[in-house]
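When the count follows numbering that gives the first Met the number 0, it moves up by one through the sequence shown with no breaks and lands on 154 for the last residue. Following: one structure in structure tokens, then a few remarks.
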Amino acid sequence: MKTEEELGKLLASKKLTLSTAESCTGGGIAAAITSVAGSSAYFTGGIVAYSNEVKKDLLHVSPETLEKYGAVSRETVMEMAAGAMKAMKTDCAIATSGIAGPGGGSAEKPVGTIWIAVAYKNEIVTTMQTGDNGRQKNVQNAIQNALDLLLEMLK
Numbered sequence: 000m001k002t003e004e005e006l007g008k009l010l011a012s013k014k015l016t017l018s019t020a021e022s023c024t025g026g027g028i029a030a031a032i033t034s035v036a037g038s039s040a041y042f043t044g045g046i047v048a049y050s051n052e053v054k055k056d057l058l059h060v061s062p063e064t065l066e067k068y069g070a071v072s073r074e075t076v077m078e079m080a081a082g083a084m085k086a087m088k089t090d091c092a093i094a095t096s097g098i099a100g101p102g103g104g105s106a107e108k109p110v111g112t113i114w115i116a117v118a119y120k121n122e123i124v125t126t127m128q129t130g131d132n133g134r135q136k137n138v139q140n141a142i143q144n145a146l147d148l149l150l151e152m153l154k
């Protein structure tokens, strides 16, 4: 069974709702979740927040967080996940922000650096994905890692 199917069964059985706040994955997590028949029972929606303005205005990421840590940071994805749950009134959320490539990296945050946060009620867990396997693979890995992380959290 695919992760998104297993996650869907778990969310439905626990009567939990899910939202997403995606930057570098560009809606890929929402697409994976909604590829499962019946996902409207637990998935309320997603925000693709590529710009910092959308992160601030729709997801309530603080300007101070963005200035101090940058868009690609543990702190930012934690605020994105919390903001998605608040904006869409859900029990759970997944958030991603990173540098998919091929450009845009730096010494501190090389291409392939992607932060993932999953939130369930008052708990937020994060992970950082590293390593550059090319844009498509970086994004695909982040989608899978995000789904896996939420599945583990809910089990």
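Even for Gly, the Cβ is constructed at its ideal location relative to N, Cα and C.
With a Cβ-Cβ cutoff of 8 angstroms, do residue i and residue j count as a contact?
i	j	result
Ala70	Ala92	no
Thr33	Thr89	no
Ala20	Ala94	yes
Measuring only the C-alpha atoms, how far is residue i from residue j?
i	j	result
Glu78	Thr24	17 angstroms
Glu151	Leu10	12 angstroms
Ile142	Gly82	19 angstroms
Glu3	Lys14	16 angstroms
Met240	Leu153	Since the displayed the chain opens at 0 and closes at 154, residue 240 lies outside it and no answer follows.
Pro101	Ser50	18 angstroms
Val110	Gly26	19 angstroms
Asn132	Asn140	9 angstroms
Thr43	Gly104	33 angstroms
Met0	Ala40	19 angstroms
Ser38	Glu122	23 angstroms
Pro62	Glu52	9 angstroms
Ser12	Ala80	22 angstroms
Val35	Gly7	7 angstroms
For residue i, I'd like the list of residues in its chain whose CB is within less than 6 angstroms of its CB, leaving aside the five on either flank, ordered along the chain.
i	result
Ala99	Cys23, Arg134, Asn137 and Val138
Lys54	Ala48 and Val60
Ala29	Thr19 and Gly45
For residue i, which residues from the same chain have a beta carbon less than 8 angstroms from its beta carbon, with the 5 sequence-adjacent residues on both sides left out?
i	result
Met127	Arg73, Thr112, Ile113, Trp114 and Ile115
Thr75	Lys54, Val60, Thr64, Leu65, Tyr68, Gly69, Ser96 and Trp114
Ala145	Thr24, Ile28, Ile93, Thr95, Ile115 and Val117
Leu57	Ile46, Ala48, Gly82 and Ala86
Lys108	Gly69, Val71 and Ile98
For residue i, which residues from the same chain have a beta carbon less than 7 angstroms from its beta carbon, with the 5 sequence-adjacent residues on both sides left out?
i	result
Leu148	Ile115, Val117, Val124 and Thr126
Trp129	The amino acid at residue 129 is misidentified as Trp; the sequence shows Thr. The residues are Gly111 and Thr112.
Ala106	none
Glu5	Leu150
Lys120	Asp90
Requested in this report: Tell me the start and end of each unbroken beta strand (DSSP E) in the stretch 12-96 that is at least 3 residues and wholly inside, in chain order.
Outcome: Those beta strand (DSSP E) runs which fall completely within the stretch 12-96 and span 3+ residues are 17-21 and 42-47.
Query raised in the report: Unbroken beta strand (DSSP E) runs of length 3 or more, entirely within the stretch 119-152: which are they?
Result: 122-128
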